[in-house]
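Novice: Before I ask anything, let me first share the structure, which is written out below as structure tokens.
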């Protein structure tokens with residue numbers, strides 16, 4: 001077993017286990033912390049796939065910004081208690097069966113799929129330099145449009161969280 | 167690099183499938199709107215991971231650029247979504263989706 005395969009299994013195990021803990025943890029704060037572990041495992045996968053730029057952006061955006069926002073909201077709404085109401089057992093059972101069937105269907109669909117792989121693919125496409133070139137040449141317009149999206153999101157968030165809307 | 171020879175692309179497909187299904191399970195099983203939000207993030211990340219894997223195995227950098235845009239959209243979505251959630255909490259004093267069923271008929 002090669003070292004990459006061992007790292008792959010370790011990161012996958014970590015990602016799936018902590019993802020399950022996100023769903024099944026009683027305390028919302030614990031869910032957030034497990035989700036951060038999942039994100040770090042996924043960032044490790046990005047590094048394994050030699051996408052260094054995305055790994056860095058992933059950690060900065062998700063672990064740094066989004067999860068802090070989640071934690072902040074949970075603390076602000078004072079939801080960090082274990083006495084959260086739960087769904088009825090029958091609904092939980094049906095949900096687990098439904099998710100299991102979805103998983104079964106997708107795995108069965110992808111099992112026989114022949115995926116084309118280019119063995120001589122260039123590993124340097126994930127570097128900051130080459131990705132930056134693609135981003136600012138071919139995708140310049142979408143990049144600028146996303147700044148408008150951010151502006152709209154910012155205005156919306158500020159407006160929505162104002163105390164007296166009327 | 168050795169990753170293409172070391173790990174079949176199918177492994178990444180199944181890993182992403184598993185993560186996506188866990189996210190879907192979380193949306194179905196939980197009542198807290200914030201946790202449901204986090205599970206949606208989990209599903210987005212499963213798709214991102216698959217996109218990066220395909221981009222790497224096919225040697226095409228467009229996939230990674232799209233992952234970058236998905237991250238931007240996810241950040242905007244979370245900001246607006248949590249603002250809506252705070253406003254709902256202020257009005258209804260709960261983030262429980264079983265109580266917030268006013269739009270249902």
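Residue numbers (this note's numbering), protein chains in the order written: chain E, 1 to 166; chain F, 167 to 271.
Beta carbons are placed, not taken as given, at the ideal position from N, Cα and C, and that holds for glycine.
Computed from a prediction, not measured in an experiment: that's the story for all the values here.
#1: Residues of chain F with a CB under 8 Å from the CB of residue 103 of chain E: which are they?
#2: Can you list the alpha helix (DSSP H) stretches of 4 or more residues lying completely in the stretch 73-157 of chain E, in chain order?
#3: Please go through the stretch 168-223 of chain F and give each complete beta strand (DSSP E) segment of 3 or more residues, from N-terminal end onward.
#4: Would you tell me roughly how many angstroms separate the C-alpha atoms of residue 185 of chain F and residue 155 of chain E, rounded to the nearest one?
#5: Please look up how many angstroms separate the CB atoms of residue 58 of chain E and residue 43 of chain E, rounded, as I've assumed it's under 8 Å.
#6: Under 7 Å between beta-carbons, which chain E residues line up against residue 244 of chain F? List them in chain order, please.
#7: Report yes or no: do three or more beta-carbon pairs, one from the stretch 207-222 of chain F and one from the stretch 116-135 of chain E, lie closer than 8 Å?
#8: Report the rounded CA-to-CA distance for residue 61 of chain E versus residue 239 of chain F, giving the unit in angstroms.
#9: Under 7 Å between beta-carbons, which chain E residues line up against residue 266 of chain F? List them in chain order, please.
#10: Taking the alpha-carbon positions, what's the residue 98 of chain E to residue 162 of chain E distance?
#11: Per DSSP, which one or two residues make a beta bridge with residue 262 of chain F?
#12: Does DSSP put residue 31 of chain E in a helix, a strand or coil?
#13: Mapping DSSP to helix, strand and coil, what is residue 64 of chain E?
#14: Assign residue 207 of chain F to buried or exposed, taking buried as 16 or more other Cβ atoms, counted over all protein chains shown, within 10 Å of its Cβ.
#15: Is residue 181 of chain F closer than 8 Å to residue 223 of chain F when the C-beta atoms are compared?
#16: What three-state label does DSSP hand residue 19 of chain E in the structure shown?
#17: So that I know if they touch, is there some Cβ in chain E lying closer than 8 Å to that of residue 190 of chain F?
#18: How do the stretch 185-204 of chain F and the stretch 4-21 of chain E stand: do at least 3 beta-carbon pairs fall below 8 Å, yes or no?
#19: Would you give the residue range spanned by the alpha helix (DSSP H) that residue 54 of chain E belongs to?
#20: List, in order along the chain, the chain E residues whose C-beta lies closer than 8 Å to that of residue 175 of chain F?
#21: If contact means a Cβ-Cβ distance below 7 Å, which residues of the stretch 11-29 of chain E contact chain F?
#22: Determine whether the Cβ of residue 216 of chain F lies closer than 8 Å to any Cβ atom of chain E.
#23: Alpha carbon to alpha carbon, how far is residue 199 of chain F from residue 120 of chain E?
#24: Can you pull the chain F residues whose beta carbon is under 8 Å from the beta carbon of residue 74 of chain E, in chain order?
#25: Classify residue 265 of chain F: buried if its beta carbon has 16 or more other beta carbons within 10 angstroms, exposed otherwise.
Specialist: Taking the definition as stated:
#1: Ordered by position in chain F, the residues that pass the 8 Å Cβ test against residue 103 of chain E are 183, 184, 187.
#2: Whole alpha helix (DSSP H) segments, 4+ residues: 89-111, 128-137.
#3: None, since the stretch 168-223 of chain F contains no complete beta strand (DSSP E) of that length.
#4: Separation of residue 185 of chain F and residue 155 of chain E (C-alpha to C-alpha, rounded to the nearest whole angstrom) is 32 Å.
#5: That belief holds up - the Cβ atoms of residue 58 of chain E and residue 43 of chain E are roughly 5 Å apart, short of 8 Å.
#6: Ordered by position in chain E, the residues that pass the 7 Å Cβ test against residue 244 of chain F are 66, 69.
#7: Counting Cβ pairs under 8 Å, three or more are found: they touch.
#8: Computed Cα separation, rounded: 11 Å.
#9: Per Cβ cutoff of 7 Å: no residues; residue 266 of chain F is ~12 Å from chain E at best.
#10: In this structure, the CA atom of residue 98 of chain E is about 39 Å from the CA atom of residue 162 of chain E.
#11: Partner(s): F:198.
#12: In the structure shown, residue 31 of chain E sits in a helix (DSSP, three-state: H, G or I).
#13: Here residue 64 of chain E sits in helix by DSSP.
#14: Counting other Cβ atoms within 10 Å of its Cβ, residue 207 of chain F reaches 16 or more and is therefore classed as buried.
#15: Taking 8 Å as the Cβ cut-off, residue 223 of chain F and residue 181 of chain F do not qualify as a contacting pair.
#16: Of the three classes helix, strand and coil, the one that applies to residue 19 of chain E here is helix, per DSSP.
#17: For residue 190 of chain F, the answer is yes, since a Cβ of chain E falls inside 8 Å of its Cβ.
#18: With three or more CB-CB distances shorter than 8 Å, the stretch 185-204 of chain F counts as touching the stretch 4-21 of chain E.
#19: Start and end: 52-58.
#20: By Cβ distance, chain E contributes 115, 117.
#21: Per Cβ criterion, the list reads 12, 15, 16, 19, 20, 22, 23, 28.
#22: So no, residue 216 of chain F is outside the interface.
#23: C-alpha separation (whole angstroms): 45 Å.
#24: Those within 8 Å of residue 74 of chain E in chain F are 200.
#25: So residue 265 of chain F counts as exposed.
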